[in-house]
Amino acid sequence: ISNSDIRVANEKKSYTILEALSATGLRSVRYALEIPNIKKIVANDLSHEAEKTIRRNIAYNKVDAVVQSSLSDASLLMYQHRFPLSSRFQVIDLDPFGSPSQFLDGAVQAIDEGGLLCVTCTDMAGLCGNHGEAAYAKYGCMPLKSKYCHEMALRIVLSCIDSHANRYKRYIEPLLSLSVDFYLRIFVRVFSSPSEVKRSASKRSYVFHCSGCETFHLQPVGKSVEIGNSKKYNPATGPVVSQLCDECNHVFKIGGPIWSKSIHSETFVTSLLVDIEKEKDCYSTQQRIRGTLSVVLEELPDHPLYLVIDHLCNVLHSTTPSHAQFRSAVIHAGYEISSTHANQAGLKTSAPVSVVWDILRSWVKLHPVNQKKISSNSPASVILSKESKFTANFEIIQTAVPQSKMMKLLRYPENPEADWGPKSKAIKKEFSSLSEKRQTLQGKRKAGPSDPAFYRQFPCKRFKIGICDLGINCKYSHESSTNPTQQSNSTSEN
1 ISNSDIRVAN
11 EKKSYTILEA
21 LSATGLRSVR
31 YALEIPNIKK
41 IVANDLSHEA
51 EKTIRRNIAY
61 NKVDAVVQSS
71 LSDASLLMYQ
81 HRFPLSSRFQ
91 VIDLDPFGSP
101 SQFLDGAVQA
111 IDEGGLLCVT
121 CTDMAGLCGN
131 HGEAAYAKYG
141 CMPLKSKYCH
151 EMALRIVLSC
161 IDSHANRYKR
171 YIEPLLSLSV
181 DFYLRIFVRV
191 FSSPSEVKRS
201 ASKRSYVFHC
211 SGCETFHLQP
221 VGKSVEIGNS
231 KKYNPATGPV
241 VSQLCDECNH
251 VFKIGGPIWS
261 KSIHSETFVT
271 SLLVDIEKEK
281 DCYSTQQRIR
291 GTLSVVLEEL
301 PDHPLYLVID
311 HLCNVLHSTT
321 PSHAQFRSAV
331 IHAGYEISST
341 HANQAGLKTS
351 APVSVVWDIL
361 RSWVKLHPVN
371 QKKISSNSPA
381 SVILSKESKF
391 TANFEIIQTA
401 VPQSKMMKLL
411 RYPENPEADW
421 GPKSKAIKKE
431 FSSLSEKRQT
441 LQGKRKAGPS
451 DPAFYRQFPC
461 KRFKIGICDL
471 GINCKYSHES
481 STNPTQQSNS
491 TSEN
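Each residue of the sequence shown is one higher than the one before, starting from 1 at the first, in the UniProt record's numbering.
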């Protein structure tokens, strides 16, 4: 799939776009002004105030011939466009506050055959494992609090979208999946094929995450076997790990199931880079786009998740080799390695976990650790007690340096301004800026009633044990009989 393929298809017919949660309608206005061959754009929102703003922006930008406002529940609107097939949208854009999970069922039904589904997620706390129970309820996958949590979040959402599509004999093909700033942005195409849906179990895996050394292993859910014209779909064999980690003797945590196939289309990303290079004057953020897509293109497509070498060295209490040194050691050992767009310190590799630890054992031999920092039965003690199966070569080679770094591209830009991050849901504005809001509300929840008599009804806990030396200056009562509960009970009895 490439931009040229989509462009040829667009030249053959006009198409419709749904921005299901439009808010201001500005994205729909940009679509109308910047994309050719659009038949209709529906800018929808449930808020009356938002719908008024959408209509005002449509009129101001003179795009009323293409963009129409809509005041409706997003899910209901998409369900209404399931049938007839001619009423389906070629592009659906979902950009909610928080999780898009409640809109996915309608979206995979209202999207046209081969249509583009654009999904944004800002509920990163849940997807990254801080509230795993909430993420499981929304996405049907258990996240793990780990260093690779941002890529795992992408794969959780992809698995969820595909699961919704499978119920209607449809499946997804990821074009581009990004974890940037404070959100996820995912682009997939949706197709119909009952036979392809049967392969869905083989596209998902559970994640075994070691609680000691914090490495991971993938356990496929299913497998597909094709011999000639014969196709069989069976449960995968397992488990892929022992009850305890082979490297550090600690137990595993289980997450998933996640999407374990490629999360990008190499052809699509390549064509994007070509188009951006041709029209670089059109994009004010051209440098960032080019840098991010270049890192995406360098990622190993068939090796889910990534390791953070700094963290693994922290487990061993050792110094950390440079990325160039570690990458060179992996390449010398005969394996592949790449960066990841989701974490500046992350590395994706085809090397097994045992090889990674052998490389780090070789590093520790060259740079010994302080044995006083290592307690018995700790992950570091168990790992370092084993002998390496080979001696790693840390001599830096040219292929260990990513091409995007050699080209000095803007790969991991810093936040553009102070207080950069997710904002609260749109409500009536009471403060002119975020800093003013913080100053005004600082300590609001901690502040008690202004009337001193309020505190006098409660006994001083420090006085009870004889350590309060404030005397009459103490705001709590020093009368041992003072007890609001007892007083209220005696009052009710009288």
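From the three backbone atoms N, C-alpha and C, an ideal C-beta is built for every residue, glycine too.
Beta bridge counterpart(s) of residue i as assigned by DSSP
i	result
residue 348	338
residue 459	477
residue 171	191
residue 185	120, 178
residue 210	252
residue 219	206
residue 307	347
Whole-Å CB distance - residue i paired with residue j, under 8 Å assumed
i	j	result
residue 269	residue 297	5 Å
residue 103	residue 75	6 Å
residue 258	residue 205	6 Å
residue 141	residue 128	That belief does not hold up - the Cβ atoms of residue 141 and residue 128 are roughly 12 Å apart, past 8 Å.
residue 411	residue 291	4 Å
residue 15	residue 108	So it is not a contact: roughly 18 Å between Cβ atoms.
residue 139	residue 156	5 Å
residue 254	residue 208	6 Å
residue 379	residue 160	33 Å between Cβ atoms; not a contact.
residue 339	residue 295	6 Å
residue 92	residue 117	5 Å
With 16 other Cβ atoms within 10 Å as the buried cut-off, status of residue i
i	result
residue 100	buried
residue 57	buried
residue 373	exposed
residue 88	buried
residue 293	buried
residue 78	buried
residue 90	buried
residue 565	A question about residue 565 goes unanswered here, because the residues of the chain that appear run from 1 up to 494.
residue 31	buried
residue 402	buried
residue 346	buried
residue 304	buried
residue 385	exposed
residue 367	exposed
residue 44	buried
residue 327	buried
residue 413	exposed
residue 124	buried
residue 348	buried
residue 122	buried
residue 438	exposed
residue 179	buried
Which of helix, strand or coil DSSP assigns to residue i
i	result
residue 360	helix
residue 435	helix
residue 314	helix
residue 411	coil
residue 238	coil
residue 490	Caution is warranted here: a pLDDT of 43 is assigned to residue 490, below 50, making its placement in the model unreliable, and no coordinate value can be reported.
residue 442	coil
residue 164	helix
residue 464	helix
residue 333	coil
residue 327	helix
residue 354	helix
residue 453	helix
residue 196	helix
residue 1	In this prediction, residue 1 scores a pLDDT of 47, lower than 50, which makes its location untrustworthy; the coordinate-derived value is nonetheless stated afterwards. It is coil, neither helix nor strand.
Cβ-heavy atom distance, residue i to the ligand ADP, below 7 Å
i	result
residue 217	No copy of the ligand ADP appears in this structure; indeed no ligand is present at all.
- What residue ranges within the stretch 9-77 form continuous beta strand (DSSP E) runs of no fewer than 3 residues, ordered along the chain? Restricted to the stretch 9-77, the beta strand (DSSP E) segments that are unbroken, complete and at least 3 residues in length are 15-19, 38-45, 67-71, listed in chain order.
- alpha helix (DSSP H) segments (min. 4 residues) lying fully within the stretch 72-160: The qualifying runs are 74-80, 101-110, 124-127, 132-139.
- Task: Mind listing, in chain order, the continuous alpha helix (DSSP H) runs of no fewer than 4 residues lying wholly within the stretch 366-424?
- Result: Restricting attention to alpha helix (DSSP H) runs no shorter than 4 residues, the stretch 366-424 encloses them at 379-384, 403-406, ordered along the chain.
- Message: Which complete alpha helix (DSSP H) runs does the stretch 221-299 hold, if anything under 4 residues is left out?
- Response: Taking only runs of at least 4 residues, the alpha helix (DSSP H) segments lying wholly in the stretch 221-299 are 266-278, 286-298.
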